[in-house]
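Q: So in our numbering the end of the sequence shown lands on 176, straight run, no missing numbers.
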Amino acid sequence: MFGIGLPELLVILAVALIVVGPDKLPELAKNLVRILAQLKQGAEELKTELNEAANPEELLKDIKPNLEEAAQNLQKSLKNLPQPDLDQKIRQLTDQTLQQATDPTPQYPKKKEESASSVPQE
Numbered sequence: 055m056f057g058i059g060l061p062e063l064l065v066i067l068a069v070a071l072i073v074v075g076p077d078k079l080p081e082l083a084k085n086l087v088r089i090l091a092q093l094k095q096g097a098e099e100l101k102t103e104l105n106e107a108a109n110p111e112e113l114l115k116d117i118k119p120n121l122e123e124a125a126q127n128l129q130k131s132l133k134n135l136p137q138p139d140l141d142q143k144i145r146q147l148t149d150q151t152l153q154q155a156t157d158p159t160p161q162y163p164k165k166k167e168e169s170a171s172s173v174p175q176e
């Protein structure tokens, strides 16, 4: 089980007999067997839970209703939002840009020096 052979097991039993004593050795053995059984049962339960958690179909069954509900709520929210007329705004901006690009007299902003006074100061 743990890589312990017969000679090692006999040494362990002899040490346990000396340390615990012959009257408490059967009780110690029962407790040890009970603890090992509980550990084995816990390991099996853990293995089963991990296998269930690793099963994507089961996870999908659990999550799918929540995802569908969230998607429906999102669609309802999107339908209730005001829809701006983006096409019209794009056309207006395009027309303004084309008009400015084809305007024969470009409009440049005035420099600070020219706008402050037209006569240079000495």
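Note that beta-carbon positions come from the ideal geometry of N, C-alpha and C, so glycine has one too.
Going by DSSP in three states, leucine 135 sits in which element: helix, strand or coil?
A: DSSP places leucine 135 in coil when its eight states are reduced to three.
Q: So the alpha helix (DSSP H) aspartate 149 belongs to, where does it begin and stop?
A: 140-156 is the extent of the alpha helix (DSSP H) around aspartate 149.
Q: In whole angstroms, what separates the C-alpha of leucine 135 from that of glutamine 142?
A: Their backbone Cα atoms lie some 18 Å apart in a straight line.
Q: So leucine 64 packs on valine 74, CB below 8 Å; how close in whole Å?
A: That pair is no contact at about 16 Å.
Q: Under 8 Å by Cβ, that's how I've got leucine 79 and leucine 71 pegged, so tell me the actual separation to the nearest angstrom.
A: Contact holds; Cβ gap of about 6 Å.
Q: Identify the continuous alpha helix (DSSP H) that holds proline 61 and give its terminal residues.
A: Counting along the chain, the alpha helix (DSSP H) containing proline 61 begins and ends at 60-74.
Q: Are glutamate 106 and glutamate 99 closer than 8 Å when you measure CB to CB?
A: Cβ distance not < 8 Å, so glutamate 106 and glutamate 99 don't count as in contact.
Q: Quick one: what does DSSP say glutamate 78 is sitting in, helix, strand or coil?
A: At residue 78 the sequence reads lysine, which differs from the glutamate that was named. In this structure, lysine 78 counts as coil in the three-state DSSP scheme.
Q: Give me the Cα-Cα distance between lysine 115 and alanine 124, rounded to the nearest whole angstrom.
A: Spanning the two alpha carbons is a distance of roughly 15 Å.
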